[in-house]
Each structure stands twice: as C-alpha cells, then as structure tokens.
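Below is one structure, written out as structure tokens; the observations come after it.
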Amino acid sequence: MHFEETVMGFLLDHQERHHRTHHFLILMDALISAAKHIEHFYLTGALKGNTGLAGSVNVQGEDVFRMDQIAQEITIHHLRTSRRVIYAVSEESEEIVPINPDGRYFVYFDPLDGSSNVPHGLPVGFMFGVARKSLEGEEDNHLRAGKDYIAAGMFVIPTGTFTLALKDAGAWRFHLDETMEFVRPTRILLPENRKNWELSFNSANRHAYSKGVQNWITNNESKYAFRYIGALAADFHRTLSNGGMFMYPAIVNHPDPRKNRPEGKLRLMYEASVVAFICSEAGGAAIGETGNPILNVQPKGPHQRSALYVGSKPLVEDITQSLAIPNPPVQ
Ligand code: AHG
Ligand code: MN
Ligand code: MN
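Take 140 as the starting number for the sequence shown in my numbering and just add one per residue.
Below you can see the structure in the form of structure tokens.
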C-alpha cells in the first residue's frame, strides 16, 4: 500500500532534523484542526443558515452568526486548547486576545478572509502568521514584523488546500485527502517562465491609484492574464502557482477624497505580512506603497493597514520604479 506523507509527519521530520522542540507541532495541530473545523462549517453553512450577515434570522427563526464570528470562535478554542499561545491578534477582535501567559508563541490571524464570497459559497481563506516568544532577555512586545515570523500559512476554504511557509525552509502546499488529512507536501517556487503570469487587483479602483501605478498598469496589463476572486488567500494562491503579481495599492485619487485610503486596505499583521512571508519563501517579493519591503514593517498596532504588491520578483521590482516617481502625468 502507498501512504502519502501527512503535514504532521512532514513537520515532525522538519523539527527533529533541526533539533527543535515539539511545541510547534502542537501549535500547528491546533491551527490545522481549526481550519478543518471552519471548512466543515462552511460546507454545511447554507443548511444551517450561517452564510448570511450578522443580525439576520434564519429559516428556523434563530439569529444568524456571521461565518467570520464562527471562524473566530473556532480558532480561539483550538489555540486555547493547544496551551502554546501567549497572545493572539485576530481581525475579529479589536483587542489583542490573551490566551496563556506560559505559552510560547504569538499567533496573528484572519479567521475568514474574503467574507464577501461567503453568501455565494465561493473560496475564502484562513490566514495566519506565527512568531516565537523571545527566549533570551525580556519579552519586548508581541507585535512583530513579518521578518520575525517563524511560519505563516493560508488555507483556501473549502478547496482543501493549505500553503505553509517555514522560516528559511521554503513554501509548501498540502491537499486534504479523503480521511481529512493534509498530505503530499509539494515545494512551491514561483515560476520564472512568464507564460502563465497573472495580474490580480480590484480594477474598479484603478483610477484611484497613484499616477505611477496607473501608468504601470497601462503599460503592462496587456502582457498578462488578469484574475480577481476578491479573497486575498485565493487570489494569492493563484499568484504563487502561476507567477505574476497581486496588488492592493493605496487609494489616493478617489473622486470622493473621504474614500481615499493612503495607508492601503489590507491588514499588515494577518494579511500582508502573511503573504509576504510565504512569497519570500517561494522566491518572490512583497513591498508597500513606498517600495519598502513588507517584511521589514514593524507594526505599531495590531490592526495596522498596508498597501501591498506581492509576487514574482521582476514584477515587484519593476513597479517599485513607478512607486518612486511622485505623481508623474498619466500617459
Ligand atoms: P476580509 O474579508 O478578511 O475583510 O478581507 C477582505 C480583503 C481581502 O481578502 C481581499 O483581497 C480584499 O479585501 C478585497 O477587497 P475589495 O473588495 O476592495 O476588492
Ligand atoms: Mn481578510
Ligand atoms: Mn476576515
């Protein structure tokens, strides 16, 4: 009989090869259990009336909980039972969630990424980054830059795919098998061949981007295919597999200036830094609106936003030139 390598077998091997403890395995088991639990709820959500908006009522007359809230509750439960987490930062909690003062890790997560896809049953994500407590000296703070993450990953739900990047050990993809195990680790490296490269951004916003970004799009878009699902985890999954670039630029030229978002839309700690970490392990790059590497951005708060350009290095390097030009005229 042939048995596929499981994610836990893969991680056990990784930890032992590097003479590391098993604490990380316990944490990963909790995150994987949470993802499977969320996937189960998502697949059966329509039956339970859980795909609507909070505040609405289902056919049985019960209050409907948003999938975001269900996913949050599930994840916090699994992180608590792991006993390995000190604090969690989640998109669904304004405050940082204290979990176990004797824990070892900080976890930053978006329990349900791409919520606008929920009513349609289309792909959503569960994204996370992990940092370790400082073992030497005093613990300074729990808000870490992406370069200090030890792992980051994303599940695309309900497609049964899991991409996990480990610090200096690559980005790997797993698939859910018929026994609900994530199996078959496959190394992910961004393809150098431009044949299948894709661009991904919300084109409705293009006239609100900086002039430099608008010019870059005009000069480059016809060279690549364009795809946009509206969930970072799912869109970036394609970028990783096919190459190209996902971007969510700053909104600086909106006709209604109140709708400008010069700081970007995506969240640094559990969206931008997660995909930047994975992309870096897959041989790519990620920058913010000033061309600064996302992985170097030290968060000042848990829900800080960031613009994001992430994907194949040649494209990220190329658009950096356009970001550097202060508002050149649109051609
Ligand atoms: P979330 O559902 O966790 O709030 O995240 C939504 C994010 C991200 O997943 C996606 O890439 C982006 O918002 C889509 O934004 P637009 O609808 O503005 O394109
Ligand atoms: Mn999100
Ligand atoms: Mn979310």
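No residue lacks a Cβ here, since even glycine has one placed at the ideal position from N, Cα and C.
Within the chosen limit of 7 Å, ligand 1 reaches the beta carbon of S255 through at least one heavy atom. Fully contained in the segment 332-392 are the following alpha helix (DSSP H) runs of length 4 or more, in chain order: 350-359 and 371-381. According to DSSP, P432 shares a beta bridge with I426. F375 is not a Cβ neighbour of I171, given a cutoff of 8 Å. Our two residues, R223 and R243, have alpha carbons roughly 5 Å apart in a direct line.
DSSP places I238 in no alpha helix (DSSP H); its state is neither H nor E. In this structure, L151 keeps its C-beta atom at 8 Å or more from the C-beta atom of L166. Closest in C-alpha terms to N335, from the list A291, H157, H176 and G450, comes G450. Residue pairing by DSSP places M293 opposite M266 and T302 in a beta bridge. Not one heavy atom of ligand 2 sits closer than 7 Å to the Cβ of D395. The beta-carbon distance between V236 and D252, rounded to whole angstroms, is 18 Å. This is too long to meet the 8 Å contact definition.
According to DSSP, residue pairing for V322 in a beta bridge involves T145 and H314. Residue burial annotation: M408 is buried, with at least 16 other C-beta atoms found within 10 angstroms of its C-beta. Leaving aside the five residues that flank E402 on each side, the residues in its chain whose CB is nearer than 6 Å to its CB run, in chain order, R444. As computed with DSSP, L454 is found in no beta bridge at all. Nearest neighbour of A370 by Cα position, chosen from M293, Q208, K272 and E143, turns out to be M293. For G369, the CB falls within less than 7 Å of some heavy atom of ligand 1.
At least 8 Å separates the beta-carbon of D249 from that of E420. Taking all protein chains in view, the Cβ of P258 is surrounded by fewer than 16 other Cβ atoms within 10 Å, so the residue is classified as exposed. A straight-line Cα-Cα distance of about 25 Å links F365 and H314. Looking at the DSSP output, D249 sits in a beta bridge with M266. In this structure, the C-beta of E410 approaches ligand 2 to less than 7 Å from one of its heavy atoms. Contact between A290 and A304 holds, with the beta-carbon distance rounding to 7 Å and staying under 8 Å.
For A389 against E331, the beta-carbon gap comes to about 29 Å, at or over 8 Å, which does not count as contact. For A446, there is no enclosing beta strand (DSSP E), as DSSP marks it with neither H nor E.
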